[in-house]
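Using this note's numbering, the first residue of the sequence shown is number 7, and each one after it goes up by one. The beta carbon of each residue, even a glycine, is placed where N, CA and C say it ideally should be. Quick caveat: nothing in here was measured; it's all calculated off a predicted structure. Okay, so here's the structure we're looking at.
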Amino acid sequence: MSTMRAWVYRTKGKPADVLRLEPDYPKPVPTSSQVLVRVKAAGLNPIGYKSMYVAPLKFSQKVPSVPEQDVAGVVEGGDLEGTGLKLGDEVFGLLPIQETNKTCKGALAEYTVIDKANVMRKPASLSFEETASFPLALLTAYWALVTTGELQKGTRVFINGGSGGVGAYAVQVAKAYGAFVVTTCSPASRDLVSTLGADDVLDYRASPLPAQLKAKYGNEPFDLVFDTVGADPSVWHKCSGYLKPKGHYVDVAGPHMDGSLGSMLSGMTSFMGRMLRPGFLGGVPRKYTFGIMAADRQMVDAVEELVRAGKVRPIIDSVFAFEHALEAYDRQMSSRAQGKIVVRVEA
Ligand SMILES: NC(=O)c1ccc[n+]([C@@H]2O[C@H](COP(=O)([O-])OP(=O)(O)OC[C@H]3O[C@@H](n4cnc5c(N)ncnc54)[C@H](OP(=O)(O)O)[C@@H]3O)[C@@H](O)[C@H]2O)c1
Numbered sequence: 007m008s009t010m011r012a013w014v015y016r017t018k019g020k021p022a023d024v025l026r027l028e029p030d031y032p033k034p035v036p037t038s039s040q041v042l043v044r045v046k047a048a049g050l051n052p053i054g055y056k057s058m059y060v061a062p063l064k065f066s067q068k069v070p071s072v073p074e075q076d077v078a079g080v081v082e083g084g085d086l087e088g089t090g091l092k093l094g095d096e097v098f099g100l101l102p103i104q105e106t107n108k109t110c111k112g113a114l115a116e117y118t119v120i121d122k123a124n125v126m127r128k129p130a131s132l133s134f135e136e137t138a139s140f141p142l143a144l145l146t147a148y149w150a151l152v153t154t155g156e157l158q159k160g161t162r163v164f165i166n167g168g169s170g171g172v173g174a175y176a177v178q179v180a181k182a183y184g185a186f187v188v189t190t191c192s193p194a195s196r197d198l199v200s201t202l203g204a205d206d207v208l209d210y211r212a213s214p215l216p217a218q219l220k221a222k223y224g225n226e227p228f229d230l231v232f233d234t235v236g237a238d239p240s241v242w243h244k245c246s247g248y249l250k251p252k253g254h255y256v257d258v259a260g261p262h263m264d265g266s267l268g269s270m271l272s273g274m275t276s277f278m279g280r281m282l283r284p285g286f287l288g289g290v291p292r293k294y295t296f297g298i299m300a301a302d303r304q305m306v307d308a309v310e311e312l313v314r315a316g317k318v319r320p321i322i323d324s325v326f327a328f329e330h331a332l333e334a335y336d337r338q339m340s341s342r343a344q345g346k347i348v349v350r351v352e353a
């Protein structure tokens, strides 16, 4: 049996407690429709650590497991039929959580397997680290704004959290489609966010955000709110002050849950209220969608084209060596990253 070095967790818990670099973990074998990739860089996402210990995600995650969904590397084998790829080609792509929670074959290893429908060709002008920063966050931004929010030229959109992994790509996607974009960040992230092209950037720490939004945009409300933060429920509860009556609130963060049973129960209760309580029973009279992003080939092609055309540029907070992946998790779990965190697997 061929083996590889891989970060593996065999029980559920926080990364520092359960994630270990194993020197002889079985190298994955591609099935039909999968491409074998020699990993050069892996991107981190909050779902990586959440599926290790935050309910309810951890309940669907099997172990032992290699974490993470974003990969960039070199084609080493597998089923290349219909892809136009050949051995040695440089690629990047998504390992969907819906699959890795069962297969347990994530990106944070020397090799991984990826469904050929989720592989994109790496532009020569971008590094492996840069392209590993795109898949999950960029596809999520596209799914929320374009697929679900039906954003188009002239749409007025408020993106909560413009400096995070998803938000920094969401601002760029919305501008690429010709939307009017308002976003938020703390003063520390303002320099970065102002380079992304947003029409207005609000400091969410200056005063309560719903009041800022109502004062500035109550007379010209938004068509779409995209919430990538979820930390402040009042942004949803008060959104009728700045979201049009037929507007759409798309949420990917959901209520805050920290792994405890109590936070899971209160989170699920608040969540069901958002989705099910009608306006006449005290609910917010606006359309609300929460979802876990699921990519199809049309979405993958669309984001590959955005990257290839340079309409979305990589935003990297930090790059960590493979051996220092636990430090990368500390940074990810701080919720202070400006853009994406990437682990360099092979120099
Ligand atoms: N449903 C899905 O399919 C899906 C997919 C991807 C991600 N997600 C979820 O979406 C959320 C965001 O993911 P991410 O990768 O963007 O996370 P992230 O990169 O860790 O987000 C960090 C950023 O959040 C900003 N931030 C923190 N609190 C904020 C606030 N109150 N207002 C505005 N910005 C704030 C921070 O900026 P400052 O330091 O400037 O405050 C920092 O730049 C996570 O909960 C993740 O699990 C869901």
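Practice problem: May I ask you to check if the CB of tyrosine 255 is nearer than 8 Å to at least one heavy atom of ligand 1? | Solution: Taking the first residue of the sequence shown as 1, we reach residue 255 at position 249. Checking every heavy atom of ligand 1 against the Cβ of tyrosine 255, none is found closer than 8 Å.
Quiz item: Taking the C-alpha atoms as reference points, what is the distance between proline 129 and glutamine 104?
Solution: Numbered from its first residue, the sequence shown carries residue 129 at position 123. Numbered from its first residue, the sequence shown carries residue 104 at position 98. The straight-line gap from Cα to Cα measures roughly 27 Å.
Quiz item: When the Cα of phenylalanine 186 is compared with those of Gln218, Ser213, Phe232 and Leu93, which residue comes out closest?
Solution: Sequence index remark: in the sequence shown, residue 186 carries index 180 (1-based). Taking only the C-alpha atoms, the option nearest phenylalanine 186 is Phe232.
Quiz item: Tell me which same chain residues have a C-beta within less than 8 Å of the C-beta of tyrosine 335, skipping the five on either side of it?
Solution: Taking the sequence shown and counting its residues from 1, the one referred to as residue 335 is at position 329. Excluding residues within five positions, the ones whose Cβ falls inside 8 Å are Pro21, Ala22, Leu25, Leu50, Gly54 and Tyr55.
Quiz item: How close, in whole Å, do the beta carbons of valine 241 and proline 216 come, if the pair is a contact with beta carbons under 8 Å?
Solution: Here residue 241 refers to the residue found at position 235 when the sequence shown is read from its first residue. Here residue 216 refers to the residue found at position 210 when the sequence shown is read from its first residue. Rounded, the Cβ-Cβ distance is 6 Å, consistent with contact.
Quiz prompt | C-alpha distance - threonine 118 paired with alanine 176, whole-angstrom precision | solution = Your numbering for residue 118 matches position 112 in the sequence shown. Your numbering for residue 176 matches position 170 in the sequence shown. Approximately 27 Å, taken between the alpha carbons.
Self-check item: Nearest-angstrom Cα separation, counted from glycine 112 out to valine 69
Solution: What you label residue 69 is simply residue 63 of the sequence shown in a count that begins at 1. What you label residue 112 is simply residue 106 of the sequence shown in a count that begins at 1. So the alpha carbons of these two residues sit roughly 12 Å apart.
Exercise. Return the chain-ordered ranges of every alpha helix (DSSP H) run that is complete within the segment 28-64 and spans a minimum of 4 residues.
Key: For the segment 28-64, whole alpha helix (DSSP H) runs of length 4 or above, ordered along the chain, are 52-59.
Quiz item: How big is the Cα-Cα spacing for tyrosine 248 and serine 139?
Solution: On the sequence shown, position 242 is the one that residue 248 refers to. On the sequence shown, position 133 is the one that residue 139 refers to. Near 32 Å, if we compare the C-alpha coordinates of serine 139 and tyrosine 248.
Quiz item: Should glutamine 338 and proline 52 be called a contact, given that it needs their Cβ atoms to be closer than 9 Å?
Solution: If you number the sequence shown from 1, residue 338 lands on position 332. If you number the sequence shown from 1, residue 52 lands on position 46. Their beta carbons are under 9 Å apart, which means glutamine 338 touches proline 52 by this criterion.
Practice problem: With distances taken Cα to Cα, identify the nearest neighbour of valine 235 among Val172, Glu82, Lys159 and Phe277. | Solution: Position 229 of the sequence shown holds residue 235. The closest CA to that of valine 235, considering only Val172, Glu82, Lys159 and Phe277, is found on Val172.
Quiz item: Nearest-angstrom Cα distance between threonine 3 and cysteine 110?
Solution: In the structure as shown, the chain begins at 7 and stops at 353. Residue 3 is therefore absent and cannot be evaluated.
Exercise. Ignore the nearest five residues each way along the sequence and tell me which others in lysine 64's own chain have a CB closer than 7 Å to its CB.
Key: The residue you call residue 64 lines up with position 58 of the sequence shown. So the qualifying residues of the chain are Lys18, Ser57 and Met58.
Quiz item: From valine 41 to asparagine 124, what distance separates their C-alpha atoms?
Solution: Start at 1 with the first residue of the sequence shown, and residue 41 comes out as number 35. Start at 1 with the first residue of the sequence shown, and residue 124 comes out as number 118. Take the alpha-carbon of valine 41 and the one of asparagine 124: they are about 10 Å apart.
Quiz item: What is the residue span of the beta strand (DSSP E) that serine 324 lies within?
Solution: As a position in the sequence shown, residue 324 is number 318, starting the count at 1. For serine 324, the uninterrupted beta strand (DSSP E) segment begins and ends at 322-327.
Exercise. Have a look at Arg162, Thr89, Asp76 and Thr153 and flag the residue whose alpha-carbon is nearest the alpha-carbon of asparagine 225.
Key: Sequence index remark: in the sequence shown, residue 225 carries index 219 (1-based). Asparagine 225 has its Cα closest to that of Arg162, out of Arg162, Thr89, Asp76 and Thr153.
Quiz item: Measuring from the CB of tyrosine 210, is there a heavy atom of ligand 1 at a distance below 8 Å?
Solution: In the sequence shown, counting from the first residue as 1, residue 210 sits at position 204. Tyrosine 210 Cβ: within cutoff of ligand 1.
Quiz item: For valine 325, which option in Ile120, Met7, Lys46 and Lys33 has the closest C-alpha, if you only look at C-alpha atoms?
Solution: Translated into positions along the sequence shown, residue 325 becomes position 319. The candidate whose alpha carbon is nearest that of valine 325 is Lys46.
Quiz item: Can you find a CB in chain C that lies within less than 9 Å of the CB of valine 43?
Solution: Absent here is chain C; the protein component of the structure consists of one chain.
Self-check item: Three-state secondary structure assigned by DSSP to phenylalanine 228
Solution: Translated into the one-based positions of the sequence shown, residue 228 becomes position 222. If DSSP states are grouped into helix, strand and coil, phenylalanine 228 belongs with the strands.
Quiz item: Less than 9 Å separating the beta-carbons of phenylalanine 164 and phenylalanine 228?
Solution: Numbered from 1 along the sequence shown, position 158 holds the residue referred to as residue 164. Numbered from 1 along the sequence shown, position 222 holds the residue referred to as residue 228. By the CB criterion at 9 Å, phenylalanine 164 and phenylalanine 228 fall inside the cutoff.
Quiz item: Count the other CB atoms within 10 Å of the CB of lysine 346; is the residue buried (16 or more) or exposed (fewer)?
Solution: Looking up residue 346 in the sequence shown gives position 340. Buried: at least 16 other Cβ atoms inside 10 Å.
Practice problem: Would you identify the three-state DSSP class for lysine 346, choosing helix, strand or coil? | Solution: For this step, residue 346 is matched to residue 340 along the sequence shown. In this structure, DSSP gives lysine 346 an extended state, which the three-state scheme calls strand.
Quiz item: Whole beta strand (DSSP E) runs in the segment 152-240 with 3 or more residues, listed along the chain?
Solution: Under the rule that a run must span 3 or more residues, the beta strand (DSSP E) segments found entirely inside the segment 152-240 read 162-166, 186-191, 206-209 and 228-233.
Exercise. Look at the alpha carbon of threonine 295 and the alpha carbon of arginine 280, and state the distance between them as a whole number of angstroms.
Key: Walking along the sequence shown from the start, residue 295 turns up at place 289. Walking along the sequence shown from the start, residue 280 turns up at place 274. Approximately 9 Å, taken between the alpha carbons.
Quiz item: Which residues bound the beta strand (DSSP E) around glycine 84?
Solution: As a position in the sequence shown, residue 84 is number 78, starting the count at 1. From DSSP, the beta strand (DSSP E) with glycine 84 extends over 76-84.
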